[in-house]
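Using this note's numbering, the letters of the sequence shown map in sequence onto residues 1024 to 1293.
For glycine and all other residues, C-beta sits at the position ideal for the given N, C-alpha and C.
Worksheet: the structure to be examined is printed underneath.
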Amino acid sequence: MIFGMSTACFFPNIYTESAIDKMGEMNVENIEIFFSCLSEYKKSFAKDLKKRIQNNGMNVYSIHPLSLQFEPQLFSSHKRAQQDSLDIYRQVLESGAKLGAKVYVFHGPAHVKRAKTLKLNYSFIAETADYLAEIAKEYSIKLAWENVHWCWYVAPDFAKKISGLVNTDNLYFTLDIKQAVQAGYDPVNFLEMTNGRLSNIHMCDYEIDEQDGVCPRLPFKGEMGFERFKKALENINYQNAMMLEVYSYNYKDYEELSDNFLKMKSFFNK
């Protein structure tokens, strides 16, 4: 298994480039780049990141843009809006390819207007996913749709339905533990539904508070049963990436973050 850390762990306290150097000090070898604003999609920014990544002896496994900036419009019937978003999408993929990324973590459209039942046109979604995944393939990057409690991929069976309809071999999935629980699901239930297309896991823990709901925590600092989760990963023979992705307020200092990363590696390597 590939173990790594996302620059999102440092957002918004330090910029992406500084997060890379900080992870270098922690001897993190594999990383996910969270692009946090539009200017970070530029070629010049990717060029600077590449130098820092090389200086720190790192590998970029995945990239993750700030999705609401453009990803919902990739599915828009308004062709001008869709084209603008496709231009940004290609810009992100180009930067990812320059950095050597293998996976693009994708949120897709948001489920903004809350209804009791989320009704989706899976045939339309699959057709668009085919198109987007094939574009990503041009850059040798896997498109990995992530479960998010406020997006279309909210329930475990979304992955099964879409993977059964697409023609592309380049659509994969990312599991986010906290997002699964925030949506009211057991994270384990997402694993088999990905039909062998799970390429990335965003690792964290959580506590459920009566007033605040699901509160993200560092792994092993909350209520997640990691022994059971580890067994479930073994059952599907998962060999891809596990990225530590927590919020910057989930740890008191960088030493605690680094120690937690090492603990995660040790636990899942046993």
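Are Ala1042 and Lys1121 closer than 8 Å when you measure CB to CB?
-> In terms of Cβ geometry, Ala1042 and Lys1121 do not form a close pair [threshold 8 Å].
In whole angstroms, what is the alpha-carbon distance linking Asp1216 and Lys1183?
-> The amino acid at residue 1216 is misidentified as Asp; the sequence shows Met. Met1216 and Lys1183: Cα-Cα distance of roughly 5 Å.
Should Pro1179 go down as buried or exposed, given a rule of 16 or more other Cβ atoms within 10 Å for buried?
-> With a threshold of 16 other beta carbon atoms within 10 Å, Pro1179 meets it and is buried.
Thinking C-beta only, is Ala1031 closer than 8 Å to His1087?
-> Annotated as proximal: His1087 and Ala1031, with beta-carbon spacing under 8 Å.
Residue from Asn1223, Ser1163, Leu1267 with nearest C-alpha to Asn1170 = If we check each option's Cα against that of Asn1170, Asn1223 comes out closest.
Starting from Ala1182, follow the alpha helix (DSSP H) in both directions and report where the run begins and ends.
-> Going by DSSP, Ala1182 is part of the alpha helix (DSSP H) stretching over 1180 to 1186.
Based on the DSSP output, what are the partners of Ile1231 in its beta bridges?
-> According to DSSP, which records beta bridges pairwise, Ile1231 is partnered with Val1237.
Could you check where the beta strand (DSSP E) with Tyr1195 kicks off and where it finishes?
-> Unbroken beta strand (DSSP E) run through Tyr1195: 1194 to 1199.
Below 6 Å CB to CB, which residues in the same chain sit around Phe1098 once its five sequence neighbours on both sides are set aside?
-> Pro1132, Thr1151.
Sequence-distant residues of its chain with Cβ nearer than 7 Å to His1130 (five each side left out) = These residues qualify, in order along the chain: Ser1090, Glu1094, Glu1169, Val1171, Cys1174.
8 Å Cβ cutoff met for Ala1167 and Val1211 | Here Ala1167 is not near Val1211, since their CB atoms are 8 Å or more apart.
Outcome for His1225 when other beta-carbon atoms lying within 10 angstroms are tallied against a minimum of 16 | That one is buried.
How about Val1083 and Gly1047: do their beta carbons lie closer than 8 Å?
-> Not closer than 8 Å, so no.
Write down every uninterrupted run of the alpha helix (DSSP H) in the stretch 1122 to 1167 whose length is 4 residues or greater and which is fully enclosed by it, in chain order.
-> Runs found: 1145 to 1161.
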